[in-house]
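Report on the following structure.
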Amino acid sequence: MGATEETIQQIKSMAGKYEAGFVTDIETDKAPKGLSEEIVRLISSKKNEPEWMLQWRLKAFQRWLEMPEPDWQKPKFPKIDYQDIHYYAAPKSMANKPKSLDEVDPELLKTYEKLGIPLKEQEILAGVQKPVAVDVVFDSVSVATTFKEKLKEAGVIFCSISEAIQNHPDLVKKYIGSVVPPGDNKHACLNSAVFTDGSFVYVPEGVRCPMELSTYFRINELNTGQFERTLIIADKGAYVSYLEGCTAPMRDENQLHAAVVELIAHDDAEIKYSTVQNWYPGNFETGQGGVYNFVTKRGLCEGRNSKISWTQVETGSAITWKYPSCILKGDHSQGEFYSVAITNGRQQADTGTKMIHIGKNTKSRIVAKGISAGKSDQTYRGLVKIMPKAQGARNFTQCDSLLIGDQCGAHTVPYIESRNKTANLEHEATTSKISEDQLFYCMQRGIGEEEALALIVNGFAREVMQHLPMEFAVEAQKLVGISLEGSVG
Amino acid sequence: MIKIENLKAAIETDDGEKEILKGVSLDIPAGQVHAIMGPNGAGKSTLSYVLSGREEYTVTGGSFEMDAQDMLELAPEERAAAGLFLAFQYPVEIPGVNMSTFLKTALNSVRKQRGEDELDALSMLKLIKAKCADLGISEDMMKRAVNVGFSGGEKKRNEVLQMAMLEPKFCVLDETDSGLDIDALKIVADGVNAMRSPERAFLVITHYQRLLDYIKPDVVHIMAEGKIVKTGGPELAKELEDKGYANVIGEAA
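Each protein sequence line maps, in turn, to chains A and B. Residue 189 in the numbering used here is what sits at position 113 of the first sequence, and the numbering runs on without skipping anything. Residue 66 in the numbering used here is what sits at position 44 of the second sequence, and the numbering runs on without skipping anything.
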């Protein structure tokens with residue numbers, strides 16, 4: 077385990093800071109502020125996209141103009157001024173398309189070094205850790221993707237979505253929007269019109285992806301939104317584990333992050349998707365600034381016996397609003413959702429999942445752990461829907477909330493719709509306050525109060541944390557401690 | 023080594039501040055075991071909490087020194103690092119945190135505060151194994167969450183295990199015998215006795231004389247209504263058992 081002690085030391089050394097809050101000083105090629113057909117065309121032409129992609133975007137844009145803003149969510153925020161955002165920002169040095177890391181602007185590389193994301197393959201391989209392939213996205217462009225060649229040998233395609241549109245148009249055309257159609261919701265529609273980069277993964281039939289894949293998203297520019305789009309396809313019998321991480325500088329203005337993630341699992345395939353989200357949460361006291369994290373993530377268990385598993389550790393963002401979901405279409409397919417959401421300061425979160433059972437004997441499992449501290453407010457919202465043909469469907473849901481202090485809120489809103497009598501649904505929910513007895517017990521053993529809190533909360537979240545890939549579990553545990561700073565004493 | 027003088031402490035209640043310790047004085051030289059006996063509500067458990075620095079209690083007077091160091095100004099974790107250990111009457115469950123992680127975190131926190139090097143994973147594992155073997159604790163217990171689903175005997179043995187790991191100078195045992203059958207009591211007492219040494223002081227809080235058959239005290243104090251009302255040798259415990267609290271305290275008053 078060891079991780080916990082390490083966590084504690086890290087917390088000490090970091091003392092109340094959002095570590096990733098620095099700005100990279102770099103020349104940027106930015107589209108003018110505002111959203112219009114011209115901007116959509118500009119993005120498409122910057123990426124040298126084929127006509128079909130442009131038309132797809134334009135259609136989405138028209139649709140977006142007509143769609144009303146959703147207002148059913150619990151977090152409240154001022155109306156977003158879509159004309160006050162830059163929809164495209166790329167480091168100027170990326171214009172000449174560096175072919176290898178040696179050609180990438182050292183300032184950019186330094187950014188990732190500071191964030192602790194290794195990009196040099198030799199260095200990664202020299203380290204003791206298991207190698208992880210990374211795609212790094214900086215504002216609107218993918219800067220680099222590592223281990224591409226090694227993955228290619230296994231037949232795995234791992235590249236930025238922009239590259240995939242150029243090099244694998246048939247795959248992109250077939251799958252993009254097939255799980256999250258542009259008209260799904262206002263934010264997904266916006267993304268469909270203006271998405272700039274993101275990752276693309278295709279694992280062919282029968283292949284077990286030889287390493288963990290990951291994407292690291294970074295918003296750097298002021299008043300810039302990030303609209304990434306990720307598409308992961310696991311063909312028959314394939315397996316892939318993928319992780320995304322996110323950070324942004326500390327800014328007084330809110331930044332919009334409206335991503336779309338689509339997963340498709342064919343017969344007997346399995347996709348494991350993990351997120352460690354640490355966007356800037358805004359000012360601890362006033363709540364000013366921070367990222368609006370409005371993301372649509374959905375997986376389609378298309379094939380028989382397929383499996384999609386979401387694991388998320390959500391610690392950042394001023395507002396988190398997302399429901400990574402599974403459509404269980406194939407018979408005997410399985411969906412899982414493991415979530416830890418931590419809100420502190422003035423953060424708000426409305427997160428959960430949807431499990432849509434369509435096929436026979438489909439199974440889903442939901443374990444959501446919410447930790448609210450400070451003056452934050454958190455809602456778990458989850459839908460379990462059993463369609464008429466889903467004979468023998470099963471769901472197990474467990475939602476646990478932990479409150480720290482007496483000024484935060486936690487809400488649980490489960491929706492269950494069953495249209496098949498053979499379905500078996502279980503729901504468990506608990507709400508508890510962090511116990512003074514537990515804190516004192518730890519402190520009497522020599523553990524300081526904040527460390528004790530991190531230890532107890534990591535214990536509370538353990539069931540979820542153990543689903544993270546080993547390589548990231550330690551990181552996530554540290555993050556738990558850091559995001560709870562200032563919530564006791 | 024342990025000097026407690028006229029210690030007074032109160033707790034905030036709905037009806038205002040209520041004084042529970044009304045001037046407790048104790049002198050415990052290194053190497054000695056002192057027992058505190060007393061009826062329910064005498065303030066025995068409060069004394070253990072006040073000594074270990076629990077926030078809910080306000081010290082309203084008096085002093086508590088260990089090796090001439092003022093303990094009252096230290097935070098609970100600093101007192102632990104200074105060498106104070108409290109074996110809880112009701113050990114607390116910490117779901118999801120396994121024993122070995124907990125022991126590692128605690129011992130390394132204490133070592134760090136003492137300016138010692140932290141133990142690496144391997145040395146830690148060896149140490150835990152050795153201490154478990156001494157106390158007849160199965161290593162399987164190290165994989166379980168702290169006190170979760172532990173039997174009464176396992177919980178108390180776990181307290182002694184933590185005591186053995188942290189090697190404190192001053193051990194306070196709060197009603198360690200409660201909830202134990204005679205076999206479990208013997209095991210726990212053996213663990214405590216194995217730790218008796220000329221450098222270490224013990225304060226054993228108990229309601230019944232039974233525990234003192236196994237952990238032989240040098241001095242016995244009787245506490246009532248927030249004060250020590252009588253002090254004597256081990257024979258005082260016997261006298262209590264024969265006559266009952268009311269009579270003995272009555273004589274003292």
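From the three backbone atoms N, C-alpha and C, an ideal C-beta is built for every residue, glycine too. Values in this document were obtained by computation on a predicted structure and should not be read as measured data.
Near residue i, what residues of its chain come up, given a Cβ to Cβ distance below 6 Å and the 5 sequence neighbours on each side ignored?
i, result
"A:Leu515", "Ala528"
"B:Leu207", "Asp199"
"A:Val389", "Val352, Val416 and Ala552"
"A:Ser238", "Lys123 and Asp273"
"B:Glu189", "none"
Cβ of residue i less than 9 Å from any chain B Cβ?
i, result
"A:Val204", "Note that A:Val204 has pLDDT 45, beneath the 50 cutoff, so the model's placement of it is unreliable and the number below is only indicative. Judged by the 9 Å Cβ criterion, A:Val204 is not in contact with chain B."
"A:Gly92", "With a pLDDT of 44 at A:Gly92, under the threshold of 50, the modelled position of this residue cannot be trusted, and the question is left open."
"A:Leu319", "no"
"A:Glu551", "no"
"A:Gly557", "no"
"A:Gly535", "yes"
"A:Lys554", "no"
"A:Ser563", "no"
Cβ of residue i less than 9 Å from any chain D Cβ?
i, result
"B:Gly63", "No chain D appears in this structure, whose protein chains are A and B."
For residue i, return the contacting residues in chain B, with the cut-off set at a CB-CB distance below 9 Å.
i, result
"A:Glu539", "Gly118"
"A:Ile418", "The contacting residues do not exist; A:Ile418 stays about 15 Å from chain B at best."
Find the residues of chain A that neighbour residue i, judging by a C-beta separation of less than 9 Å, and give them in chain order.
i, result
"B:Glu99", "Cys518, Met519, Gln520, Arg521, Gly522, Ile523, Gly524, Glu525, Glu527 and Ala528"
"B:Ala102", "Met519, Gln520, Arg521, Gly522 and Ile523"
Enumerate in chain order the residues of its own chain whose CB-to-CB distance from residue i is below 7 Å, with the five nearest sequence positions on each side excluded.
i, result
"A:Pro545", "Glu288, Ser317, Leu319 and Ser350"
"B:Pro117", "Ala167 and Val170"
"B:Ala103", "Val132, Gln135 and Arg136"
"A:Leu134", "Glu113 and Val116"
"B:Glu39", "Ala32"
"B:Glu161", "Lys151 and Cys154"
Can you find a C-beta in chain A that's less than 9 Å from the C-beta of residue i?
i, result
"B:Val226", "no"
"B:Ala128", "yes"
"B:Ser67", "no"
"B:Ala223", "no"
"B:Leu188", "yes"
"B:Gln184", "yes"
"B:Arg76", "yes"
"B:Leu108", "yes"
"B:Thr123", "yes"
Relative to the C-alpha of residue i, which candidate in the options has its C-alpha closest?
i, options, result
"A:Gln410", "A:Trp132, A:Ala341, A:Asp178 and A:Ile161", "A:Ala341"
"B:Lys126", "B:Tyr112, B:Asp142 and B:Glu138", "B:Asp142"
"A:His333", "A:Gly379, A:Arg457 and A:Lys398", "A:Lys398"
"B:Tyr79", "B:Tyr71, B:Glu176 and B:Ser85", "B:Tyr71"
"A:His55", "A:Gly524, A:Glu525 and A:Asp476", "The requested residue 55 of chain A is not part of the displayed model; chain A covers only 77 to 565."
"B:Val214", "B:Gln184, B:Leu43, B:Tyr230 and B:Gly201", "B:Gln184"
"A:Ile510", "A:Ile434, A:Asp260, A:Ile492 and A:Leu479", "A:Leu479"
"A:Glu125", "A:Glu229, A:Ala240, A:Trp140 and A:Arg139", "A:Ala240"
"B:Glu99", "A:Arg521, A:Gln542, A:Gly535 and A:Val533", "A:Arg521"
"B:Val270", "B:Asn28, B:Phe224 and B:Met59", "B:Met59"
"B:Asp49", "B:Leu258, B:Val241 and B:Glu261", "B:Val241"
"A:Val556", "A:Asp105, A:Asn354, A:Ser494 and A:Thr427", "A:Asn354"
"A:Val467", "A:Val489, A:His433 and A:Thr455", "For the record, residue 467 of chain A in the displayed sequence is Gln; it is not Val. Of the listed residues, the one whose Cα sits closest to A:Gln467 is A:His433."
"A:Asp453", "A:Ser236, A:Gly379, A:Ile523 and A:Ala394", "A:Ala394"
"A:Val255", "A:Thr372, A:Asp311 and A:Gly231", "A:Thr372"
Once you ignore the five residues that flank residue i on each side, which residues in its own chain have a CB closer than 8 Å to its CB?
i, result
"A:Pro144", "Lys262"
"A:Ile161", "Lys109, Gly110, Leu111, Asn299, Thr300, Gly301 and Leu332"
"A:Gly562", "Gly92, Phe360, Asn420, Gly421 and Gly450"
"B:Ser219", "Gly53"
"B:Lys178", "Ala109, Pro113, Thr198, Gly201, Leu202, Ala206 and Val210"
"A:Tyr251", "Leu307, Ile309, Glu338 and Ile340"
"A:Cys377", "Ala341, Lys383, Ile384, Cys402, Ile403, Leu404, Lys405, Gly406, Ser409, Gln410, Gly411, Gly435 and Thr438"
Under 7 Å between beta-carbons, which chain B residues line up against residue i? List them in chain order, please.
i, result
"A:Leu531", "Val119 and Thr127"
"A:Asp513", "Val114"
Chain A partners of residue i, CB-CB under 8 Å?
i, result
"B:Val132", "Arg521 and Gly522"
Which residues in chain A have a C-beta closer than 7 Å to the C-beta of residue i? List them in chain order.
i, result
"B:Gln135", "Gly522"
_the region 152 to 176 of chain B: positions lying closer than 9 Å to chain A by Cβ_ = Ala167, Val168 and Asn169
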